Amino acid sequence: MSEDAMNRPARDMIKSAFMKVHRVALSGGLVVLPNHYYTPVADIRELERTKDKWAKRSPMTGIDADLGRQASHLRDIVKPFEPEYRNNSTYKEGAAKGFGPGFGYVEAQALHGVLRWLKPKRMIEVGSGVSTHCATKALAMNAAEGHKGKLTCIEPYPSDYLKGSSDVELVASKVEELDPATFDQLGDGDFLFIDTSHVVRPVGDVTHLYLEVLPRIKPGCVIHIHDIYFPYSFQRDLLTGLFQGAETAVLQALLTNNDRLEILFCLSMLHYDAQDVMKDVFPEYSPIPDVNGLNVPNTTGHFPSSIYLRVRG
Numbered sequence: 001m002s003e004d005a006m007n008r009p010a011r012d013m014i015k016s017a018f019m020k021v022h023r024v025a026l027s028g029g030l031v032v033l034p035n036h037y038y039t040p041v042a043d044i045r046e047l048e049r050t051k052d053k054w055a056k057r058s059p060m061t062g063i064d065a066d067l068g069r070q071a072s073h074l075r076d077i078v079k080p081f082e083p084e085y086r087n088n089s090t091y092k093e094g095a096a097k098g099f100g101p102g103f104g105y106v107e108a109q110a111l112h113g114v115l116r117w118l119k120p121k122r123m124i125e126v127g128s129g130v131s132t133h134c135a136t137k138a139l140a141m142n143a144a145e146g147h148k149g150k151l152t153c154i155e156p157y158p159s160d161y162l163k164g165s166s167d168v169e170l171v172a173s174k175v176e177e178l179d180p181a182t183f184d185q186l187g188d189g190d191f192l193f194i195d196t197s198h199v200v201r202p203v204g205d206v207t208h209l210y211l212e213v214l215p216r217i218k219p220g221c222v223i224h225i226h227d228i229y230f231p232y233s234f235q236r237d238l239l240t241g242l243f244q245g246a247e248t249a250v251l252q253a254l255l256t257n258n259d260r261l262e263i264l265f266c267l268s269m270l271h272y273d274a275q276d277v278m279k280d281v282f283p284e285y286s287p288i289p290d291v292n293g294l295n296v297p298n299t300t301g302h303f304p305s306s307i308y309l310r311v312r313g
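Count the sequence shown with the UniProt record's numbering and you get residues 1 to 313, in order.
As structure tokens, this is what we get:
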């Protein structure tokens, strides 16, 4: 009998015991996993040790992300509505009522401009909060001009505000539990807002949206995705946060050599490489510093992280 065969029963016993510990920890709200090559949670000690190798921009090979065109789109789409979003009173009102704070100050201004420009008949929001409050106000302004839009919110943990709002159709469900055909109602000129857990897990929201939903969205629909860190593929708090998301990397893979999805503008890319444009469109914008895409401790400012895509025919 080989040494490997002799050791296998012992390994199986250890795995079984560890699984029992894992299940007990889950019931207490903790995840206990071995620090192993196959564990999906990165070892931050190793990341810190190798930071000089991985903490760098991606060249975004195979993705049409022309910065000049993005800047033109941002100015043409959003800036005309600056008188409406200046001082961000709607965002401040929503934040004061406790609808946030996941959606950022500058992102809210951009969302207002896009909705006022697009004037969608239908909007589906996956993941709700202060963005919902901002969206309802923008859609109400559209309706006052004769462009009524219906807002459907998919939110498994709705707030009392969302439950009681007459401005939204609430679907109190996890998006991964919905039939992808739910999104077939979106067409040319409609709007899909996505703000997920950002975590790639089996049977999760990111997996469902990117594999089952986004490929079926019809041409002309505009898609928003939040917390995208281009041209970096990792989150800014990777070395300091407890949760590790991989949605930016998944989106980069989706966009690579993909002519079906057009980048209208990506606020993080403009933040890093066109701050003059950002300050022109968003006069209150105050960029927060970084070092190679990572947060600098004890600093303040804005890091807008919304990307807007349009489905081509």
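All residues carry an ideal CB built from backbone N, CA and C; glycine is no exception. Values in this document were obtained by computation on a predicted structure and should not be read as measured data.
Hey, out of the options, whose CA is closest to residue i's CA?
i      : options                           : result
ALA140 : LEU162, ARG116 and GLY129         : ARG116
ARG310 : MET269, ASP259, LYS79 and ALA42   : ASP259
SER128 : GLU155, THR136, ASP290 and VAL203 : GLU155
THR196 : LEU186, GLY187 and THR207         : THR207
MET56  : SER233, HIS73 and GLU82           : The amino acid at residue 56 is misidentified as Met; the sequence shows Lys. Nearest of SER233, HIS73 and GLU82 to LYS56, Cα basis: SER233.
PHE243 : ASP167, VAL114, ARG201 and TYR37  : ARG201
GLY68  : GLY113, ALA246, GLN275 and ARG45  : GLN275
GLU176 : VAL213, LEU186 and HIS226         : VAL213
LYS148 : GLY189, GLY204, GLU84 and ASP160  : GLY189
LYS51  : PHE303, THR299, ASN298 and ASN292 : ASN292
GLY313 : PRO219, LEU294 and CYS153         : PRO219
VAL199 : LEU209, LEU192 and PHE193         : LEU209
ILE63  : LYS53, LEU192, THR300 and MET269  : MET269
SER166 : LYS174, ALA246 and LEU151         : LEU151
TYR272 : LEU261, LEU294, ILE263 and GLU262 : LEU294
THR240 : ILE44, ASN35 and LEU211           : ILE44
LYS279 : GLY204, ALA10 and HIS302          : HIS302
ILE307 : ILE194, LEU211 and VAL203         : ILE194
ASN257 : ALA42, THR61 and HIS22            : THR61
VAL41  : LEU238, LYS53, ILE263 and ASP205  : LEU238
HIS36  : LEU211, LYS15, ILE263 and PRO297  : LYS15
LYS174 : LEU162, ILE263, VAL168 and ASP205 : ASP205
TYR157 : ALA96, GLU48 and ALA172           : ALA172
Can you have a look at residue i and say buried or exposed, based on whether 16 or more other CB atoms are within 10 angstroms of its CB?
i           : result
GLY28       : exposed
VAL277      : buried
MET123      : buried
ALA110      : buried
PRO120      : buried
GLU125      : buried
GLY98       : exposed
VAL114      : buried
MET13       : exposed
THR132      : buried
PHE18       : exposed
THR136      : buried
MET160      : Residue identity check: residue 160 is Asp in the sequence provided, not Met. Exposed, by the Cβ-count rule.
VAL130      : buried
ALA245      : Sequence inspection shows Gly at residue 245; the Ala mentioned does not correspond to that position. Answer is buried; the Cβ neighbour count reaches 16.
ALA71       : buried
ALA10       : exposed
PRO83       : exposed
GLY94       : buried
VAL203      : exposed
residue 325 : Given that the chain is displayed from residue 1 to residue 313, the structure contains no residue 325 and the question cannot be resolved.
Identify the residues that DSSP records as bridge partners of residue i: which are they?
i      : result
ASN295 : ASP290
PHE265 : TYR308
MET123 : LEU151 and PHE191
HIS271 : Paired residue(s): none; HIS271 is not in a bridge.
ILE63  : For ILE63, which the question treats as bridged, DSSP gives no partner whatsoever.
VAL222 : PHE191 and ARG310
GLU169 : THR152
HIS302 : PRO287
Assuming residue i contacts residue j (C-beta within less than 8 Å), just tell me the rounded distance between them.
i      : j      : result
ALA65  : CYS221 : ALA65 to CYS221, Cβ: 20 Å. No contact.
ILE228 : SER286 : Actually they do not touch by this definition, with Cβ atoms about 20 Å apart.
LEU118 : PHE191 : 6 Å
ARG236 : ASP184 : So it is not a contact: roughly 35 Å between Cβ atoms.
VAL32  : VAL21  : 6 Å
LEU74  : VAL281 : 6 Å
Can you determine whether any heavy atom of the ligand SAH sits closer than 7 Å to the C-beta of residue i, and answer yes or no?
i     : result
PRO40 : The ligand SAH is not part of this structure, which contains no ligands at all.
Query raised in the report: Taking contact to mean at least 3 C-beta pairs separated by less than 8 Å, is the segment 93-109 in contact with the segment 141-149?
Result: In short, these stretches do not touch, since the Cβ pair count stays below three.
**Report entry** the segment 77-92 contacting the segment 177-187, beta-carbon criterion three pairs below 8 Å
**Finding:** A contact is defined here as three or more CB-CB pairs under 8 Å, and the segment 77-92 fails this definition with respect to the segment 177-187.
Query - Three or more C-beta pairs below 8 Å linking the segment 239-251 and the segment 67-84 - result: With a cut-off of 8 Å, the segment 67-84 and the segment 239-251 do not count as touching, because too few Cβ pairs lie within range.
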